[in-house]
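Below you'll find the structure, written out as C-alpha cells, and then a few comments.
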Amino acid sequence: MSSFLQIPNPIVARRMFLGQSGLVLSAAAVALLAGNEALAARTGAADASDVQILNTALGAELEAIAAYQLGAESKLLQKPVLDLALTFQGHHKEHADVLARTVEKFGGKPVGAKAKYNFPVAQLKAQEDVLRFAAQLEQGAVSAYLGAVPLFGNRDLAKAAASILGDEAMHWAVLRQALGQVPVPSAFVS
Amino acid sequence: MKRDWLLIAGALLCVAPAGAARDAERGEQLHARCLACHALAYDRVGPRHCGLFGRVAGSVPDFAYSIAMKNSKITWNDETLDRFLAAPRKMVPGTSMTYDGVADPRERADLIAYLKRADGSTECIQ
C-alpha cells in the first residue's frame, strides 16, 4: 500500500490519509463529553476534582493547538504534511471545545489560551524537526490522558477522555510513520 | 570462615549498588510521558524541570500554580519527588497535575536520576 505522504495531490493524499487511519472523531465520542445532555443533567455527576482534570487537559489541548499553528506558519512543512498538521490541529480544537463546554456545564471556569507559549523555535529548522516536536507532544498527550483516566470520579468522563487518548495515539503513530520510525513501538502505551 | 563471609558481604555491597543504580538513560525515555505538559527549560502547562532539586514547590516566578501546590511547603528532593511522582494527588490534594502517578519505584528512581542529570545539562545551565 502506498503512503499518503507519497501522493502529490494534497486532496487525494488527505482523503487517503483519513481513509487509512480512521482519524475522523465520531460524533458519538464527542457527544460523550459535552453533547450528552443526560450526562450534564446529572447533578453532582462530576465533582471539582473532575473539573480540574478537564481544565488541565484543556490547557494542554490549547497549547497543542498553538504548537501546530507554529508548525503551520513555520514554512517548514510541505504538503501533504502541512495538511496533516492542520487536520491534527483541528482535532485538538475539537477536543478543546468540548472540554471547555464540559467544564462550563459542570459549573467550572474553563482555562483560556495563554497570550504567549514557549516553544523551542530555535530547534525547528526543518520539516523533520517540526514532526519530531509534534510527535513528542502527542506522545506526552497519550501519557497525560492515560494518567488522567483513572482519576475521574465520573465514568462517562473517563470514557470520553479515553476516546481522546485514542485519537492522540493515532496522531503519534502517524507522526512516527512520517518520521520513518516504527509507527507503533509497543503493545502498550504508558 | 568469618573472613569468607566478610568477603562475600563486601562483594555484595559492591554489586548491590550497581544493580540498583538509577538509569538516567531509561529515565530520559520515561520523561517522554511528561512532555504534554512539561519542558526542561521553560514553563508550559506545568512548570519547568530545570532547577527542580532544592526548589520550593510553587516557587517558579510567574507560573500559575494551584493554591494547593503553593501552600504545600514541599522542597523538591529525591524523597519528595519519589512520593509525589508515585501519587501526585495523594501527596498534594488539589494539585493541577492531574496524573495518576508512576507506580513502579524503579521507574520513579530512573526518572529522578534523569531529572537530576538534566539539571546540570547545558539546556538547564543556559
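Order-wise, the sequence lines are chains A and B. Just so we're aligned, residue 71 is where the first sequence starts under the working numbering, counting upward by one. Just so we're aligned, residue 15 is where the second sequence starts under the working numbering, counting upward by one. Think of the CB as a built atom: it goes at the ideal place given N, C-alpha and C, for glycine as much as any other residue.
Distance, P255 of chain A Cα to R202 of chain A Cα: 15 Å
Can you check DSSP and say which residues form a bridge with T89 of chain B? B:V70
For L152 of chain A, which residues from the same chain have a beta carbon less than 7 Å from its beta carbon, with the 5 sequence-adjacent residues on both sides left out? A142
For chain A, find out if any of its Cβ atoms is closer than 8 Å to the Cβ of V29 of chain B; answer yes or no. Reliability of the predicted coordinates at V29 of chain B is poor, the pLDDT of 41 falling under 50, and the value obtained from them is presented with this limitation in mind. Closer than 8 Å: no.
Can you tell me the Cα-Cα spacing of G108 of chain B and F67 of chain B, whole angstroms? 22 Å
Counting along the chain, where does the alpha helix (DSSP H) carrying V168 of chain A start and finish? 151-175
So, does the CB of N188 of chain A fall closer than 8 Å to a CB anywhere in chain B? yes
Exposed or buried, what is T136 of chain B when buried is set at 16 or more other beta-carbons lying within 10 Å of its beta-carbon? exposed
Considering just the uninterrupted stretch of the alpha helix (DSSP H) at K104 of chain B, what are its terminal residues? 102-105
Cβ-based burial, P102 of chain B [other Cβ within 10 Å; buried from 16]: buried
Contacting residues, own chain, Cβ-Cβ under 6 Å from T113 of chain A (five flanking each side not counted): Here T113 of chain A scores only 44 on pLDDT, less than 50, and its place in the model should not be relied on; the value that follows carries that caveat. Result list for T113 of chain A: empty, nothing under 6 Å.
Is the separation between the beta-carbon of A123 of chain B and that of R36 of chain B shorter than 8 Å? yes
Between the alpha carbons of F242 of chain A and Q206 of chain A, how many angstroms are there, rounded? Before going further, note that residue 242 of chain A is Trp rather than Phe in the sequence given. Cα to Cα, the separation comes out at about 8 Å.
Alpha-carbon to alpha-carbon, L249 of chain A and D127 of chain B: The amino acid occupying residue 127 of chain B in the given sequence is Ala; Asp does not appear at that position. Taking the straight line from one Cα to the other gives about 29 Å.
Beta-carbon proximity list for C51 of chain B, same chain, < 7 Å, skipping 5 on both sides: R58, V59, G60
Integer Cβ distance of E198 of chain A from Y215 of chain A, believed to fall under 8 Å: Wrong, their Cβ atoms sit about 26 Å apart, outside the cutoff.
In angstroms with no decimal places, state the Cα-to-Cα distance between K145 of chain A and L194 of chain A. 11 Å
Helix, strand or coil at P31 of chain B according to DSSP, with G and I counted as helix: Only weak support is given to the placement of P31 of chain B: the predicted model assigns it a pLDDT of 40, under 50, and the value that follows is read from those uncertain coordinates. Three-state result, P31 of chain B: helix.
For A231 of chain A and S260 of chain A, the rounded distance between their alpha carbons: 15 Å
Rounded C-alpha distance that separates K84 of chain B from K149 of chain A: 46 Å
Which of the three DSSP states is assigned to R58 of chain B in this structure? coil
Using the Cβ count rule (16 or more neighbours within 10 Å means buried), how would you classify D118 of chain B? exposed
What does the Cβ neighbour count give for R47 of chain B, buried or exposed, with the cut at 16 atoms within 10 Å? buried
Verify whether the separation of the beta carbon atoms of H162 of chain A and A183 of chain A is less than 8 Å. no
From which residue to which residue does the alpha helix (DSSP H) around A211 of chain A run? 197-218
Contact list for L207 of chain A against chain B, beta-carbon separation under 7 Å: L49, A50
Buried or exposed: A218 of chain A, going by 16 or more other Cβ atoms within 10 Å of its Cβ? buried
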